[in-house]
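Report on the structure given below.
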Amino acid sequence: MNKKVALSVLSATVFASMAASAFAAPKSGLYIGGNVDKYYSMNTLLGGMSSSALDQFSTEIGSAGFSNLIYVDFDGKGASIAEIMSATDFDSVKKDLTADKFEGVYSNIKADGSADGTYDPRNDAIDTPTGDLKVESVSAINAAKLTINFTQEMDATSVTTPANYLLDGVDLGQTAWGLSASDFKLSTDKKSVTINLKLNKALTNNKQYRLQVTKAVTNKAGQAIPAYDQFFNFADSAAPTVTTTAYTEADTTFTINFSEPLAANANTKVKVYDENNNDITGSLVSIASTQDKITVAASSLTAGKTYRVVMQGATDLSGNYFAGNKVEYTFKKEAVDTTKPTVVSLDAVSTKVVRAVFSEPVFIGAASKIAEVSLDGEDLSATPGAPTTTAVTAAANLTAAGNAVDVNGDGKTWDIAVVASGGTGLTGLHTVALTKVFDLQNNEIAAAYSKLVQFNADTTAPAVVSSTTAGTKLFLTVDEDATLAGATAITVLTPESVETSATVTPAYDNGNKKVVVIDLGATASKAGAYTVTLPKGLISDASGNSKAYTVSANFSPADTGKPTLYMTGSPATIDAGAVVQGTGNNIITVRFSEPVSATALDVNNYTVNGQKVFKSAVFTNSTKDTVKLTLNDNAISASGDLLVGVSGVADVAGNVMDAVTTIESLKENTAPTIASAKITSSTTITLTFSEAVTSGTASTGVIDEDDFNVYVAGSKVALASGASVANGVGANTLVLTLAAPITDLSKAIEVEASADSDVVDADKAGSGAAATGNALASGKVTVTQ
């Protein structure tokens, strides 16, 4: 790879993100994967690296590959350098990163290039893409435009299928609504879809509608969205506005463009007046089929004269009038400018297509004609003699010779097919000439533009720039527009090292011909690392170049199964190790059937005998399938068979478990206390406990003076060997003997369990066995007489 390009992109991204954030997130920096596995924090990148460290950094970037370089911004969002390079800006591709985006543990690199421990970003990455998959919001932009926002990237086909939506109980593909896929527009980030309703079937103002989104709508990974069924109120009181006006000399029209569709009769509300204030409207005014543009035909009007256009009483589809109920503009029938258009450049982009860049937008005339073109002095049929030019017509594709596509949508840059897509491409030098080019003010190009153009034979197959996965789908970004084969057999090596074949039909990602989607379906039924081999011919370019591709990628198929408590056996039942109370009785661990999300750390999702009794929850392993719960003090007052309930816990795919209750034998966690401490002589203190206690140390453990501290006037005093109680024997009292007698009862005397105390209640008394009762409560107790 070109490491200079990567460094340039990284530098631009870092400084652009600095402008948008005032603080550094812990995860920010560059992660170099591949065979490098190093992490450069933002502090290291910006803190002045040594020259040797910079050389090392540059070499590592050069060896890793674009897709193995992950940049994380100050806000914790990020993208691969490959994604950043293919986008117009960083913000358009950065996102919350899931753990599978990182390769594992990275060495943490300091400014001098040496390693300072390791960092595993997967621990800080989110479990699932931002937010659970759901409909986030629904809004009506106007009476004919409805936008549905989702929390995740959506599948382009399912989200634009009319039958997957119902409005007032009728799917949008039915006659009542009459929509097709072309009426749906998926946003660039694939997180929202705008539905363009038929103008004669628009929403009624101040009416409530029921919108249903079915489970047939899926996200990019193929996971079905939870069914959505909600009412929304459509209320539109916003006045329509004028967005632009223009007089175009090329077709002698004056146009007024509006912010939204108007009522169908809006053109009847328009009057045209001449300089003498005479109404000359007649049949000059028309309204576009989209009802958001009014056109005044000026071909019959006198050149050089000024005309006034007045619209009163027009409304939008909801009946809202324009501000002041009036729109008024004037125009003069003459060219706004007289500058002739020029050809800025004309070059071959393939063996069949040239790209012409003009100095200004060109006029699209009758039959969509924008120019005339000749090739080596003849028309594009290459037939000697008249005609010698072919009409260049604006089109949606470059299938036919003479078709032209507006590259940027601004009317200035056009790709023109000089050879039909099925024809033989050109090589060598050929003269291409353009004539009959007009700008919007009807100024014609001064003279034919002719250039000797070099056509180079294309012998290079498309190259894969990056690859990503979502569910069972493999997304390949290639460096040129791809031509895709139909159903094709491919080879797949599964995570179990089993080689199998699958038949796939490649598709474009939302119409983007540089992103190819390969859906492995059931072949990628398990999560893990796959190697996918695509045969030559599946992906090719416009010149027919193709090759075989081998791609290694991690797949995480869409998970629709709900988690449960850990189960074993056939039929499966809750395992004895699913709910376990730990030593000390204050800890209960819960094991699930699969990794779960942060919902498992919500203590409100767990109950004992119907009561919420836990104060904290943490995962016990990196797999995140086991949770350690800490009971509130004195939460369980009596040992026995208790009902443990678990609900509301979701797996990493967002599937929520069914609530479950299991009977578990749990021990009470009420800690014994020193109920009283009395001085019974100048050298003895008798302790009385709230319940029978014993030692928690196995075999020879005893309760004695080492388990307690005594303080006189705040100073710790020594204890002599005192009475002891052998392990396994419950005791309600204990006498402590002081090494020196107490001489002043006016001084405060206090006693407490020592830090090394192993005194527990006699919950599990048994000679020769370690007690697993509740530890004696800490805290000082005042000794009384």
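Those letters in the sequence shown? Residues -24 to -1, 1 to 761, by mature numbering (1 follows the signal peptide of the UniProt record, and there is no 0).
C-beta: ideal position from N, C-alpha, C; glycine also.
Three-way DSSP call (helix, strand, coil) for residue i in this model
i: K177; result: helix
i: V668; result: The sequence given here has Ala at residue 668, not Val. Three-state result, A668: strand.
i: A40; result: helix
i: F(-2); result: For F(-2), the pLDDT reaches just 33, beneath the cut-off of 50, and the residue's location in the model is therefore unreliable, although a value from the coordinates is still provided. If DSSP states are grouped into helix, strand and coil, F(-2) belongs with coil.
i: S158; result: helix
i: E681; result: helix
i: A330; result: Here residue 330 turns out to be Val, not Ala, going by the sequence shown. Here V330 sits in strand by DSSP.
i: S350; result: strand
i: I232; result: strand
i: residue 764; result: Given that the chain is displayed from residue -24 to residue 761, the structure contains no residue 764 and the question cannot be resolved.
i: M25; result: coil
i: S657; result: strand
i: S754; result: coil
i: F66; result: helix
i: S477; result: strand
i: N301; result: helix
i: F339; result: coil
i: N379; result: strand
Limits of the beta strand (DSSP E) - the one that residue i falls within
i: residue 771; result: For residue 771 there is no data in the structure shown, the boundaries of the chain being -24 and 761.
i: Q557; result: 555 to 557
i: T20; result: From DSSP, T20 is part of no beta strand (DSSP E) but of the alpha helix (DSSP H) over 18 to 22.
i: F207; result: 204 to 210
i: D737; result: 735 to 737
i: V693; result: 691 to 693
i: D323; result: 319 to 324
i: N172; result: 168 to 172
i: N488; result: 488 to 495
i: T713; result: 707 to 714
i: G295; result: Looking at the DSSP string, G295 is not in any beta strand (DSSP E), and its letter there is neither H nor E.
i: L469; result: 464 to 469
i: L356; result: Unbroken run through L356: none, as it is neither H nor E.
Outcome for residue i when other beta-carbon atoms lying within 10 angstroms are tallied against a minimum of 16
i: F207; result: exposed
i: Q557; result: buried
i: L428; result: exposed
i: Q199; result: buried
i: Q417; result: buried
i: E236; result: buried
i: A552; result: exposed
i: Q761; result: exposed
i: T544; result: exposed
i: V594; result: exposed
i: A347; result: buried
i: D627; result: buried
i: G54; result: buried
i: T219; result: exposed
i: N685; result: buried
i: A635; result: exposed
i: E310; result: exposed
Span separating the alpha-carbon of residue i from that of residue j
i: A(-1); j: N84; result: Residue confidence for A(-1) is low, a pLDDT of 32 falling below 50, so the modelled location carries little weight; the figure read from the coordinates is stated next. So the alpha carbons of these two residues sit roughly 16 Å apart.
i: S652; j: A576; result: 42 Å
i: P2; j: Y95; result: Confidence at P2 is low in this model, with a pLDDT of 48, below 50, so its placement is unreliable and no value can be given for it.
i: T445; j: S573; result: 21 Å
i: V69; j: A461; result: 29 Å
i: G706; j: S733; result: 16 Å
i: T660; j: L710; result: 10 Å
i: K600; j: R567; result: 9 Å
i: V135; j: E129; result: 10 Å
i: T602; j: V169; result: 39 Å
i: P511; j: K523; result: 7 Å
i: L471; j: V329; result: Looking at the sequence itself, residue 471 is Pro, so the reference to Leu does not match. Approximately 44 Å, taken between the alpha carbons.
i: T217; j: S115; result: 20 Å
i: S4; j: D49; result: 5 Å
i: T559; j: S56; result: 47 Å
i: K692; j: A751; result: 22 Å
i: S657; j: L712; result: 11 Å
Boundaries (first-last residue) of the alpha helix (DSSP H) holding residue i
i: M287; result: No alpha helix (DSSP H) holds M287; the beta strand (DSSP E) holding it covers 282 to 288.
Please specify which runs of the beta strand (DSSP E), each continuous and at least 3 residues long, are wholly inside the segment 75 to 153, giving them in chain order. 82 to 85, 91 to 95, 111 to 118, 121 to 126, 141 to 143
Would you mind listing the beta strand (DSSP E) stretches within the segment 606 to 654 that are 3+ residues and don't spill past its ends, in chain order? 616 to 622, 636 to 642
Which parts of the segment 382 to 455 are runs of the beta strand (DSSP E), unbroken and 3 residues or longer, counting only runs that do not cross its ends? 389 to 393, 404 to 411, 425 to 431, 440 to 446, 449 to 454
Beta strand (DSSP E) segments (min. 3 residues) lying fully within the segment 503 to 555: 504 to 510, 525 to 531
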